[in-house]
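Residues 7 to 213 in this note's numbering are what the sequence shown spells out, letter by letter.
Positions of the beta carbon are idealized from the N, C-alpha and C atoms, including for glycine.
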Amino acid sequence: MDFNFILLFIDSIALQFDFLGGESRHLGSDDPIIQGLILSMFAVSGFGILLNIFNAAVRKKMVDQTKLKRIMKETRAWQKERMSAMRSKDQAKINELSKKSSYMNKMSMEMMQMNMRPMMITFVPLILIFYLVLPQLFSYTVALSPIPLNVIPGDFFQLTCTAEQAANLDDVCPKENALYLWAWYFLSSIAFSGIIMKLTKTSMDLS
């Protein structure tokens, strides 16, 4: 799995909690500044693109990409070689590779720290923009999905409105499968993050 996606998912977890007075699905306005489904979709996507560019710029400034990719290449090669030795039950090879475990663990920890450091900088602007700016500009839902996207059981990671919520006149959901503001922002960020990271040469992809 692309580490870029993992970082975005970690960022999105914070959007699920009560923060500054409300649940993520209740973020939005009854009388938003930006109205209309199509305009809202493109505007929220624009915010996602701009924040991805900001993330990539911070990452490029703070992370030594050459060193990071060298560590990634080295650790992945070791992991692949170790798995191959375990499958073939080559105990001599396993013992030889195990001697490098401490070093590889150290490299993995360094790689994790290099990746997390920029997120500590970009996390605060993300939260402030998401909770203070976007809810003033947009409605609670900003897009429609042809299918339900609530693949995780329970109410923790709801992307789209359910039929029950749409039928409830007191709920913020206008229609079934309407995408919440936070959800469309999250999906837009994922869609463009890989492209932006490749263009800025901050991608975690070794290929």
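- [ ] Could you check which residue in 58, 36, 210, 35 has the C-alpha nearest to that of residue 132?
- [x] Locating residue 132 in the sequence shown gives position 126, where the first residue counts as 1. Per the Cα distances, 58.
- [ ] Could you name the residues that DSSP lists as bridge partners for residue 149?
- [x] As a first step, residue 149 must be located in the sequence shown, where it is residue number 143. In the DSSP output, where bridge partners are listed per residue, residue 149 has 185.
TODO: Compare the C-alpha of residue 205 against each of 74, 108, 34, 66 and name the closest.
DONE: Here residue 205 refers to the residue found at position 199 when the sequence shown is read from its first residue. Ranking the options by Cα distance to residue 205, first place goes to 66.
TODO: With a 10 Å radius around its C-beta and 16 neighbouring C-beta atoms as the bar for buried, classify residue 144 as buried or exposed.
DONE: The sequence position of residue 144 within the sequence shown is 138, counting from 1. Result: buried.
Open item on the list: Pop quiz: residue 195 and residue 203 are said to be a contact at Cβ under 8 Å. What is the actual Cβ separation, rounded to whole angstroms?
Closed with: To locate residue 195, count along the sequence shown from 1; it is residue 189. To locate residue 203, count along the sequence shown from 1; it is residue 197. That belief does not hold up - the Cβ atoms of residue 195 and residue 203 are roughly 12 Å apart, past 8 Å.
TODO: Spatial neighbours of residue 246 within its chain, please: CB distance less than 8 Å, with the 5 preceding and 5 following residues excluded, ordered by chain position.
DONE: The question about residue 246 has no answer here: the residues shown for the chain are numbered 7 through 213.
Task: Closest residue to residue 42 among 71, 146, 163 (Cα-Cα distance) - done: Start at 1 with the first residue of the sequence shown, and residue 42 comes out as number 36. Nearest C-alpha to residue 42: 146.
Open item on the list: Which runs of the alpha helix (DSSP H) at least 4 residues long sit entirely within the stretch 52–140? Give them in chain order.
Closed with: DSSP assignment within the stretch 52–140 yields the following whole alpha helix (DSSP H) runs of 4 residues or more, N-terminal first: 71–93, 97–104, 107–134.
Task: Alpha-carbon to alpha-carbon, residue 55 and residue 152 - done: Counting from one through the sequence shown, the residue named residue 152 turns up at place 146. Counting from one through the sequence shown, the residue named residue 55 turns up at place 49. CA-CA distance, residue 152 to residue 55, rounds to 23 Å.
TODO: Please classify residue 104: is it buried, with 16 or more other beta-carbons within 10 angstroms of its beta-carbon, or exposed?
DONE: Numbered from its first residue, the sequence shown carries residue 104 at position 98. By the beta-carbon neighbour count (other beta carbons within 10 angstroms, threshold 16), residue 104 is exposed.
TODO: For residue 88, collect the residues of the same chain with a Cβ closer than 6 Å to its Cβ; drop the 5 residues on either side in sequence, then sort them by chain order.
DONE: Start at 1 with the first residue of the sequence shown, and residue 88 comes out as number 82. Correct list, in chain order: 103.
TODO: Could you name the residues that DSSP lists as bridge partners for residue 208?
DONE: Looking up residue 208 in the sequence shown gives position 202. DSSP, once it has assigned bridges, lists no residue as partnering residue 208.
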